[in-house]
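Asker:
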Amino acid sequence: ALDIYNDALTIDQNDWEVYHNQGLCHLHLKDYPKAIRAFQAANNIQPHDTSFMQLGKIFVTQNKYDQAVEVYEEALETSPENPALLTTLGLLFLRMGENYKAFKNLRLALSLDPKNVKGILASGSIIQDHNDMDVALVRYRVAAVQTPMSAQLWNNIGMCFFGKGLYIAAISCLKRALYLDPFEWIIAYNLGLVHLCTKQYASAFHFLSSSINLKPNFPPSYMYLGMILAKLDDFDNARSAYRRAIEMESDHLFHLNYAITLYNHDQVGEASKHLKTAQEIFNELDEETKNADEDVVSKMTMLSRILGSS
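Below is the structure:
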């Protein structure tokens with residue numbers, strides 16, 4: 287195919303579509319530098335949203351998010367009312383952790399296309415992260431009409447109910463999501479969390495184990511698995527799970543929960559050590575992160591007081 291497109295360029299060097307199709311061929315072959323040059327050549331002749339989208343996709347694949355943002359923003363200069371471009375840029379900002387910019391672009395996309403499912407799910411997840419579950423559920427109700435078989439949608443709805451403390455509804459929605467996509471690790475992970483909160487430890491163990499099998503490199507899974515195993519009186523394996531989480535990432539929550547488990551099993555010296563580590567990591571966080579969960583501060587303070595008097 288590339289030979290045919292090269293021959294076509296000898297006839298007409300100003301055909302943007304030939305360069306675009308060359309870029310698609312190079313992209314399929316994972317020859318990203320040549321694909322980038324081809325899409326850029328296509329845009330230099332005649333800018334098209336499709337070429338910009340493919341060019342941005344390459345930069346995202348290479349984790350060059352800033353360059354991808356530049357590409358999408360340049361595309362929006364020529365097509366400011368393209369909901370697909372606005373949604374793609376919003377999702378990229380969401381991945382980069384820039385929620386304000388993400389929500390701004392997603393809101394514009396939804397104003398142009400109110401039934402844009404990707405935009406609804408992404409904007410709903412941002413609203414959900416800010417604990418406004420009712421508004422998020424209103425968004426998801428619109429998406430449910432368009433894509434009732436979306437596992438991601440039912441996962442998000444389930445976690446909204448979880449945030450509202452409606453655990454039976456949460457489990458029902460999450461199980462529907464798991465039925466629709468049984469190999470999506472985050473659904474099994476969320477089911478594990480909900481069952482942990484409802485003290486159904488055997489079920490929580492089942493879903494967390496399944497999540498770890500699907501995504502073994504997500505440290506919080508091991509922390510929660512450690513908590514569940516401790517509740518099931520399997521202290522040795524609980525310790526192994528906590529150690530695995532800490533090996534992968536040094537997080538104050540991992541050390542704090544491990545310290546609580548150690549104290550509950552009369553390992554006071556080791557509990558003190560992990561509490562100290564948790565406090566050191568916590569003190570290095572910014573104020574917004576410190577104040578995000580009051581429960582963490584109270585647990586840390588209480589454990590410190592108990593260990594101090596031991």
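Read in order, the letters of the sequence shown correspond to residues 287 to 596 in our numbering.
We put the beta carbon where it would ideally sit given N, CA and C, even for glycine.
Source: prediction; values computed, not measured.
Please list, in chain order, all residues of the same chain as Tyr305 whose beta carbon is under 6 Å from its beta carbon, the five residues on each side excluded.
Answerer: Closer than 6 Å at the Cβ level, and outside the excluded window around Tyr305, lie Ala324, Ala327 and Ala328.
Asker: What number of angstroms, rounded off, separates the C-alpha of Ile498 from the C-alpha of Pro333?
Answerer: One C-alpha to the other measures close to 44 Å.
Asker: Would Pro369 pass as a contact of Leu398 if the rule is Cβ separation under 7 Å?
Answerer: Yes, the pair counts as a contact, with Cβ atoms nearer than the cut-off.
Asker: Going by beta carbon distance, what residues of the same chain come within less than 7 Å of Phe493, once the five residues before and after it are set aside?
Answerer: Closer than 7 Å at the Cβ level, and outside the excluded window around Phe493, lie Ala474, Leu477, Gly478 and His481.
Asker: Tell me whether the beta-carbon of Ala351 lies closer than 7 Å to the beta-carbon of Met382.
Answerer: According to the sequence shown, residue 351 is Tyr rather than Ala. Yes, the pair counts as a contact, with Cβ atoms nearer than the cut-off.
Asker: Does the distance from the CB of Glu535 to the CB of Pro505 come in under 7 Å?
Answerer: Contact flag set, yes.
Asker: Hey, out of Ala516, Thr336 and Ser496, whose CA is closest to Ser507's CA?
Answerer: Ser507 has its Cα closest to that of Ser496, out of Ala516, Thr336 and Ser496.
Asker: If you reduce the DSSP assignment to three classes, tell me which class Leu571 lands in.
Answerer: Coil.
Asker: Let's test the definition: count the other Cβ atoms within 10 Å of the Cβ of Phe469 and tell me whether it reaches 16, buried, or not, exposed.
Answerer: Classification of Phe469: exposed, given that the 10 Å Cβ count is below 16.
Asker: So is Val431 buried or exposed if we call it buried at 16+ other beta carbons inside 10 Å?
Answerer: Label assigned to Val431: exposed.
Asker: Can you name the start and end residues of the alpha helix (DSSP H) that Ser495 belongs to?
Answerer: Start and end: Tyr487 to Leu500.
Asker: Considering only the beta carbon of each residue, do Met513 and Ala531 sit closer than 7 Å?
Answerer: Not a contact, by the Cβ cut-off of 7 Å.
Asker: If you reduce the DSSP assignment to three classes, tell me which class Gly555 lands in.
Answerer: Gly555 falls in the helix class under three-state DSSP.
Asker: Could you check if Ile454 is buried or exposed, using at least 16 other CB atoms within 10 Å of its CB as the buried criterion?
Answerer: The residue is exposed, with fewer than 16 neighbouring Cβ atoms inside 10 Å.
Asker: Please work out which residues of its chain come closer than 8 Å, Cβ to Cβ, to Pro400, disregarding the five sequence neighbours upstream and downstream, and give them in chain order.
Answerer: Val428.
Asker: When burial is assigned at 16 or more other CB atoms within 10 Å of the CB, is Ala578 buried or exposed?
Answerer: Result: exposed.
Asker: Rounded to a whole number of angstroms, what is the C-alpha to C-alpha distance between Arg525 and His560?
Answerer: In a straight line, the C-alpha of Arg525 is about 12 Å away from that of His560.
Asker: Just to check my reading of the structure: Met445 and Ala437 have Cβ atoms closer than 8 Å, yes? What is that Cβ distance to the nearest angstrom?
Answerer: About 13 Å; that fails the 8 Å criterion.
Asker: Taking the alpha carbon of Lys461 as the reference point, which residue from Phe447, Glu570 and Trp440 has its own alpha carbon closest?
Answerer: Of the candidates Phe447, Glu570 and Trp440, the one whose C-alpha sits nearest the C-alpha of Lys461 is Trp440.
Asker: Please list the segments of the alpha helix (DSSP H) lying wholly inside the region 422-465, counting only runs of 4 or more residues, in order along the chain.
Answerer: Entirely contained in the region 422-465, the alpha helix (DSSP H) runs reaching 4 residues are, in chain order, 437-449.
Asker: Could you tell me the boundaries of the alpha helix (DSSP H) in which Met534 lies?
Answerer: Here the alpha helix (DSSP H) through Met534 covers Phe521 to Met534.
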